[in-house]
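Below: the structure, in structure tokens.
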Amino acid sequence: MPRGDKSSYTSKQKRKAEHIEEGYEKRGVSKDEAERRAWATVNKETGGGNKSGSGRGVKDTNVSAKRGGRIGGPRGGKTAASRPAAARSRSAKKAAATRKRKAAARSSARKTARSGARKTARSGARKTARKR
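Right under this line is the structure:
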């Protein structure tokens, strides 16, 4: 089967690619690029051609379709943008402080684990020295 042959795709996959392609063309993407992106999206969502012999019955992932081009929920990034700058800044500072606190806790936990390992290694060495 030559590259670009769409005979192994179901009619649903072909329709899906066509709709995706139209969406890209509406946004000003060239015809060839829109087609390439559309088929790439279909391949990502469905894992390639799904006609019999190539995995019929395998569930689609719908990864790209779920997001719908939005960030987060139904309002997307607009929610954060509608908040005052002071509130956003306060949230950012709080998040940074949390990250710093957790990083410090992780590093101190690592230090105590290392020192405990060293102590046990030393005591083991002492015991073997005494036996000699």
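Position in the sequence shown counted from 1, then plus 760, gives you this note's numbering. Where a beta carbon is used, it is the ideal one built from N, C-alpha and C, also for glycine.
Across the structure, Glu-782 and Arg-763 are spaced so that their CA atoms are roughly 22 Å apart.
DSSP places Thr-806 in the helix class (H, G or I) of the three-state scheme.
If you look at Tyr-784, you'll find it in the alpha helix (DSSP H) that goes 771–786.
For Thr-821, there is no enclosing alpha helix (DSSP H), since its DSSP letter is neither H nor E. Of the other Cβ atoms in all chains shown, fewer than 16 fall within 10 Å of the Cβ of Val-823; this residue is therefore exposed. Using a Cβ-Cβ distance cut-off of 8 Å, the region 836–846 and the region 855–863 are not in contact, since fewer than three pairs of beta carbons, one from each stretch, lie closer than that value.
Cα atoms of Arg-775 and Ala-840: separation of roughly 36 Å, rounded to the nearest angstrom. Within the same chain, and ignoring the five residues on either side of Asp-820 in sequence, the residues whose Cβ sits closer than 6 Å to its Cβ are Glu-805, Thr-806.
Cβ-Cβ separation between Ala-800 and Tyr-784: approximately 11 Å, too far for a contact (criterion under 8 Å).
Only residues of its own chain outside the window of five on either side were considered, and among them Glu-805 have a CB closer than 8 Å to the CB of Ala-825, listed in chain order.
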